[in-house]
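One structure is given here, and the rest of the page talks about it.
Numbering (full-length UniProt numbering), first residue to last: 1 to 337.
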């Protein structure tokens, strides 16, 4: 089978197409012929060597993809040949709380990722995907989809009438807009692009803020909510936006910390957390049970993930990551195999 690997050293220039042996399933495993993969910012950091500089190489990168089951081990009962499935991000996290041992089983580092023609996984490490989704749409679910669903409905408790602020228009943020709208919440979207904000409005955003023309976007969020603050922030900017997120959130509100697009460290005051009785949740994707719950909601609502207009082929992983670096995308970037 063909695969893309990070070979020799970290960096976009180290991505290489290689030929690897076709996998054989163990008793409780399945072999999946991959059809599409989607990108997460984690993948870019992993390829650069920023996510885990001690990650052994070579490594097949990318955690999110979808494919068709083509072989099943003799003990497999949950799946059959022809099923369309996604591998879950943390293979050992079926339900309950995350722990250190489960965290050792994430795809695209430390375990091999999905950027190969064939992928082998335990039957408990995959989920069937909603039938109405295309392969490209289904490939976006394992990280961005599950992370957002966990943040809003498992770790967070978003309810009808709540106000949710989402930062930017990448994969997680657009999923947050869609899921929060399904729950009956009002959504404020921030971006530096008026064109992207118009697209967010078309998806149902209640209000938008251009943080380039309105750098004090936290004050604008307070103004929009009558001085109260938002109920929930989907925080993907990291250190660069964290303080403003705290200011924008109401007393006893929630901030879900998901990304580090604006950096991972800076000096800050913890007083807003204390004085406003805020809940902070670090979100590390989610379990298989969360994935299956999300899929039921997607099936019931007919929701379709938002794919960027620019798509790439299997051999264009480097170009796709460069495009992600540029920040020009809206929704999820996808590779078609």
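All C-beta atoms in this analysis are idealised placements derived from N, C-alpha and C, irrespective of residue type, glycine included.
With 16 other Cβ atoms within 10 Å as the buried cut-off, status of residue i
| i | result |
| --- | --- |
| residue 18 | exposed |
| residue 223 | exposed |
| residue 43 | buried |
| residue 11 | exposed |
| residue 322 | exposed |
| residue 125 | buried |
| residue 231 | buried |
| residue 327 | exposed |
Beta-carbon spacing of residue i, residue j below 8 Å
| i | j | result |
| --- | --- | --- |
| residue 22 | residue 66 | no |
| residue 142 | residue 87 | yes |
| residue 306 | residue 209 | no |
| residue 140 | residue 113 | no |
| residue 85 | residue 28 | no |
| residue 205 | residue 229 | no |
| residue 256 | residue 156 | yes |
| residue 36 | residue 336 | yes |
| residue 63 | residue 15 | no |
| residue 330 | residue 169 | yes |
| residue 275 | residue 145 | no |
| residue 200 | residue 189 | yes |
| residue 314 | residue 127 | no |
| residue 105 | residue 285 | no |
| residue 120 | residue 215 | no |
Same chain only: Cβ atoms within 6 Å of residue i, ignoring 5 sequence neighbours per side
| i | result |
| --- | --- |
| residue 78 | 123 |
| residue 95 | 287, 289 |
| residue 324 | 39, 44, 333 |
| residue 243 | 268 |
| residue 310 | none |
| residue 252 | 277 |
| residue 227 | none |
| residue 74 | 27 |
Beta-carbon contacts of residue i that lie in its chain and below 8 Å, excluding the five residues immediately before and after
| i | result |
| --- | --- |
| residue 80 | 69, 72 |
| residue 304 | 132, 133, 137 |
| residue 52 | 46, 109, 110 |
| residue 118 | 1, 22, 23, 31, 32, 33, 34, 70 |
| residue 270 | none |
| residue 225 | 163, 250 |
| residue 299 | 130, 131, 132 |
| residue 302 | 132 |
| residue 102 | 90, 92, 93 |
| residue 160 | 183, 184, 185 |
| residue 316 | 335 |
Cβ-Cβ separation, residue j to residue i (assumed contact under 8 Å), whole Å
| i | j | result |
| --- | --- | --- |
| residue 59 | residue 5 | 6 Å |
| residue 163 | residue 183 | At roughly 12 Å, the Cβ-Cβ gap does not stay under 8 Å, so residue 163 and residue 183 are not in contact. |
| residue 166 | residue 234 | 4 Å |
| residue 7 | residue 57 | 7 Å |
| residue 374 | residue 333 | No answer is possible for residue 374: it lies beyond the span of the chain, which begins at 1 and ends at 337. |
| residue 254 | residue 281 | 7 Å |
| residue 115 | residue 3 | 6 Å |
| residue 192 | residue 211 | 6 Å |
Contacts around residue i, its chain only, beta-carbon distance under 7 Å, and the 5 residues preceding and following it disregarded
| i | result |
| --- | --- |
| residue 180 | 152, 158, 164, 187 |
| residue 320 | 39, 312, 333, 335 |
| residue 48 | 10, 11 |
| residue 197 | 189, 191, 208, 210 |
| residue 355 | Any answer about residue 355 is impossible in this case: the structure gives the chain only from 1 up to 337. |
| residue 217 | 190, 209, 211, 244 |
| residue 279 | 254 |
| residue 297 | 182 |
| residue 258 | 147, 151, 172, 234, 235, 236, 283 |
What ranges does the alpha helix (DSSP H) occupy inside the stretch 62-127, keeping only unbroken runs of at least 4 residues that lie completely in it?
100-103
Considering only residues of the stretch 178-226, which uninterrupted beta strand (DSSP E) runs meet the minimum length of 3 residues and lie entirely inside it, listed in chain order?
186-191, 207-210
Only counting runs of 3 or more residues, tell me where the beta strand (DSSP E) segments fall wholly within the stretch 250-312, in order along the chain.
Fully enclosed beta strand (DSSP E) runs of 3 or longer: 279-282.
What are the complete beta strand (DSSP E) segments, minimum 3 residues, inside the stretch 3-53?
15-19, 29-38
Output the residue ranges of the beta strand (DSSP E) runs that lie fully inside the stretch 124-163 and measure 3 residues or longer, sorted by chain position.
126-128
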